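Below is one structure, written out as structure tokens, with a few remarks after it.
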């Protein structure tokens with residue numbers, strides 16, 4: 001079946017640095033990708049929706065200059081957390097929607113720890 | 116605004132026992148409803164979804180869920196638990212008419228523990 005891969009699965013970075021998380025659709029073309037964040041014992045919260053070749057649409061309260069999303073190809077979207085702070089430590093997970101639009105597939109998620 | 120409430124962050128059952136994971140939703144329009152499962156270190160996998168067709172939805176791995184509009188519920192059940200069912204389960208809702216079919220609002224998740 002369709003597979004969405006995220007990398008890295010776990011990352012630790014220093015406060016003030018930037019970190020990039022990749023989301024790849026391995027065997028289908030993803031016209032739309034979604035980025036979620038999950039804090040411990042809380043729901044997955046949608047951060048932004050990205051369509052290939054266009055700017056991402058951010059949810060209310062999500063800083064677009066802090067969470068840079070790039071969807072340059074039909075198989076790759078990246079989330080860059082800029083100037084990371086400890087409060088950005090969270091579980092980030094992406095999902096990808098294929099051309100048919102009927103089903104979405106989730107990545108394995110990425111644990112970010114900012115120290 | 117849509118929301119989902121999952122009662123119980125942890126549910127423990129014995130192998131072979133009935134599994135019941137509760138989900139209640141709040142939506143101003145007829146929703147689409149989903150159950151996802153997440154095994155350790157893996158992505159979310161779709162178990163089943165309700166999209167306004169039959170109210171009793173059968174999914175993978177023997178799971179099913181029933182949409183009850185009067186109770187605003189979409190509880191997930193399985194007649195007989197298996198050790199391999201131990202995982203985190205998420206209920207989610209989307210608004211197909213406004214924000215888009217794939218824009219999901221998730222519950223906080225329920226961890227299912229299965230004991231021998």
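Chains as they are written, first to last, in my numbering: chain A, 1 to 115; chain B, 116 to 231. Where a beta carbon is used, it is the ideal one built from N, C-alpha and C, also for glycine. Note that the coordinates shown come from a computational prediction; the quantities given were computed from them, not determined experimentally.
Answer yes or no: does any C-beta atom of chain A fall closer than 8 Å to that of residue i?
i: residue 223(B); result: yes
i: residue 157(B); result: yes
i: residue 251(B); result: For residue 251(B) there is no data in the structure shown, the boundaries of chain B being 116 and 231.
i: residue 173(B); result: no
i: residue 124(B); result: yes
Would you say residue i faces chain B, with C-beta separation under 8 Å as the test?
i: residue 107(A); result: yes
i: residue 41(A); result: yes
i: residue 99(A); result: no
i: residue 74(A); result: no
i: residue 112(A); result: no
i: residue 4(A); result: yes
i: residue 31(A); result: no
i: residue 44(A); result: yes
i: residue 82(A); result: no
i: residue 78(A); result: no
i: residue 49(A); result: yes
Check residue i in the structure and name its three-state DSSP category.
i: residue 107(A); result: coil
i: residue 20(A); result: strand
i: residue 43(A); result: coil
i: residue 203(B); result: strand
i: residue 218(B); result: strand
i: residue 173(B); result: strand
i: residue 88(A); result: helix
i: residue 130(B); result: coil
i: residue 184(B); result: helix
Identify, in the order they occur along the chain, each residue of the same chain with its Cβ nearer than 6 Å to the Cβ of residue i, setting aside the five sequence neighbours on each side.
i: residue 141(B); result: 118
i: residue 49(A); result: 34, 57
i: residue 104(A); result: 95, 97
i: residue 37(A); result: 45, 47, 90, 92
i: residue 219(B); result: 207, 209
Roughly how far, in whole angstroms, is the beta-carbon of residue i from the beta-carbon of residue j, given that I think they are within contact range, below 8 Å?
i: residue 163(B); j: residue 178(B); result: 6 Å
i: residue 112(A); j: residue 19(A); result: 6 Å
i: residue 209(B); j: residue 146(B); result: 7 Å
i: residue 21(A); j: residue 79(A); result: 5 Å
i: residue 205(B); j: residue 153(B); result: 7 Å
i: residue 222(B); j: residue 207(B); result: 7 Å
i: residue 99(A); j: residue 31(A); result: 6 Å
i: residue 6(A); j: residue 110(A); result: 5 Å
i: residue 126(B); j: residue 225(B); result: 6 Å
Would you please verify whether the beta carbon of residue i is less than 8 Å from any beta carbon of chain E?
i: residue 218(B); result: This model lacks chain E altogether; the protein chains it does include are A and B.
Among residues of its own chain, excluding the 5 on either side of residue i, which ones have a beta-carbon nearer than 7 Å to its beta-carbon?
i: residue 114(A); result: 13, 15, 84, 85, 86, 88, 89
Return the chain-ordered list of same chain residues with a C-beta closer than 8 Å to the C-beta of residue i, the five sequence neighbours on each side being excluded.
i: residue 129(B); result: 196, 229, 230, 231
Are the region 53–63 of chain A and the region 126–134 of chain B touching by the rule of at least three beta carbon pairs closer than 8 Å? Output reads no: the region 126–134 of chain B does not touch the region 53–63 of chain A.
Any contact between the region 23–35 of chain A and the region 75–89 of chain A? By contact I mean 3 or more CB pairs, one from each, below 8 Å. The region 23–35 of chain A makes contact with the region 75–89 of chain A; the number of CB pairs closer than 8 Å reaches 3 or more.
Is the region 166–176 of chain B close to the region 121–129 of chain B, with three or more CB pairs under 8 Å? With fewer than three CB-CB distances shorter than 8 Å, the region 166–176 of chain B does not count as touching the region 121–129 of chain B.
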